[in-house]
Amino acid sequence: MDSPDPVIASYDVYLTDSEISRYVLQYLDRLPDNPFDDRHGQKPTAFRLKPNTGLVEVDVPINTRVNYDVNKGLKYGDAMKKSRSAQNGGAFGMAGGFNTGATAAAGNKVKMENGKDVEMGGMGNGDSASLLRVQTLGGRIKIPEEGDPVYMLAAFRGNNLHLSPVSAVVQVHPQLHHVDALDEIPKGKGKSRKEDDAGGENEARTIDVKIKSAEDNEPNLGGNLDLLKQMQDEKWGSFEWVDAETEESWQVYESYMMHQDLESLPQLESAINSEDYLDKMSAPRIDPAHPEMTGWAMKQNRMKQGGRRSASRSSTEED
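Numbering (full-length UniProt numbering), first residue to last: 1 to 319.
What follows is the structure, given as structure tokens:
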């Protein structure tokens with residue numbers, strides 16, 4: 001008789017090194033058939049990570065030929081440039097990058113959708129303008145808690161299935177560093193014209209942070225301010241982005257997603273038996289004869305009854 005649920009394939013399962021960091025980035029506003037890669041003309045230019053506070057940023061190029069406002073691109077690009085100058089090559093502000101040090105690419109011309117070139121002159125200070133050509137996507141790594149699901153990356157090689165634990169799933173969203181940079185530009189109030197023309201440094205401003213805890217209605221300023229300071233103090237770690245279709249990427253894939261020496265791997269042993277596994281995965285079982293007994297009590301009673309039946313059989317055989 002044919003089984004209604006036949007086994008069509010079987011695989012040997014191997015677990016790879018869990019000490020390697022593997023992050024899965026989710027682009028919530030990006031269709032899966034249009035990824036950020038070299039083939040689609042939007043290979044990320046930089047990847048930054050603050051491992052202690054869990055901040056992640058990815059720089060992706062902007063297509064300036066389609067649906068791009070050059071005037072706003074010049075305004076925001078120039079704001080980014082001035083903000084970097086005011087901070088000696090550092091921050092775009094508290095909410096705008098936490099000392100990213102990222103730069104907007106500069107150029108003399110930008111090619112528009114109609115094929116025409118737009119000249120990029122100075123912005124009034126005698127300096128060449130900077131066009132905003134990069135968009136920053138950012139997110140934060142959520143610290144895993146007990147009970148959270150454990151995600152795995154699967155790779156097949158023949159009849160072998162290699163599972164690699166995921167360090168974190170990070171949802172990245174567009175960041176508004178260019179808006180923060182524009183807000184940082186000194187307005188020149190209370191300064192002499194000479195100081196304004198010289199491009200004086202930003203004046204100190206008091207930041208009022210109001211964050212409410214999710215558990216109560218009282219502001220939890222102490223912990224949030226400490227976390228904010230940690231985010232600002234920690235330095236970004238910069239990494240080179242390797243496109244998925246390159247030979248180097250495939251070499252890394254082979255090295256970190258699959259075991260190379262399968263013969264030397266130890267055999268995994270289950271810490272629970274089949275019955276315990278079913279108890280953990282299923283709803284509590286109820287004995288119709290003893291409805292008050294569920295779960296552990298029902299199991300103990302069943303084991304007790306099994307012992308009595310074994311003793312009864314032994315007594316019958318002796319007779």
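Quick reminder that beta carbons are idealized off the backbone N, C-alpha and C, glycines included.
Here's the rule: buried if 16 or more other CB atoms are within 10 angstroms of the residue's CB, otherwise exposed. What is residue 175?
buried
Identity of the residue in 12, 4, 6 nearest residue 263 by Cα
12
For residue 35, which residues in the same chain have their Cβ closer than 7 angstroms to its Cβ, ignoring the five residues on either side in sequence?
none
Using the C-alpha atoms, what's the distance from residue 47 back to residue 130?
22 angstroms
One or two residues paired with residue 15 in a DSSP bridge
Partner(s): 163.
Mind checking residue 252: buried by the 16 CB within 10 Å criterion, or exposed?
Counting of Cβ neighbours within 10 angstroms places residue 252 among the exposed residues, the total staying below 16.
Starting from residue 240, follow the beta strand (DSSP E) in both directions and report where the run begins and ends.
Segment: none, residue 240 is in no beta strand (DSSP E) and carries neither H nor E.
Among 4, 5, 9, whose alpha-carbon lies nearest the alpha-carbon of residue 159?
9
Kindly identify the DSSP beta-bridge partner or partners of residue 47.
58, 239
DSSP three-state call for residue 130: helix, strand or coil?
strand
Residue 58 and residue 44: beta carbons closer than 9 angstroms?
yes
One question on the structure: do residue 60 and residue 134 come within less than 9 angstroms of each other, judged by their Cβ atoms?
A contact, by the Cβ cut-off of 9 angstroms.
Between residue 243 and residue 17, which are expected to be in contact by the criterion C-beta below 8 angstroms, what is the C-beta distance as a whole number of angstroms?
With a Cβ gap of about 24 angstroms, residue 243 and residue 17 do not count as contacting.
Can you say whether residue 237 is buried or exposed, counting buried as having 16 or more other CB atoms within 10 angstroms of its CB?
exposed
Cutting at 6 angstroms between CB atoms, please list the residues of its own chain near residue 303, excluding the five before and the five after it.
Taking C-beta separations shorter than 6 angstroms and ignoring five residues to either side along the sequence, residue 303 has no partners in its chain.
With H, G and I counted as helix, E and B as strand and the rest as coil, what does DSSP make of residue 9?
coil
In angstroms, rounded to a whole number, what distance separates the CA positions of residue 178 and residue 144?
32 angstroms
Backbone secondary structure at residue 137 - three-state DSSP:
Here residue 137 sits in strand by DSSP.
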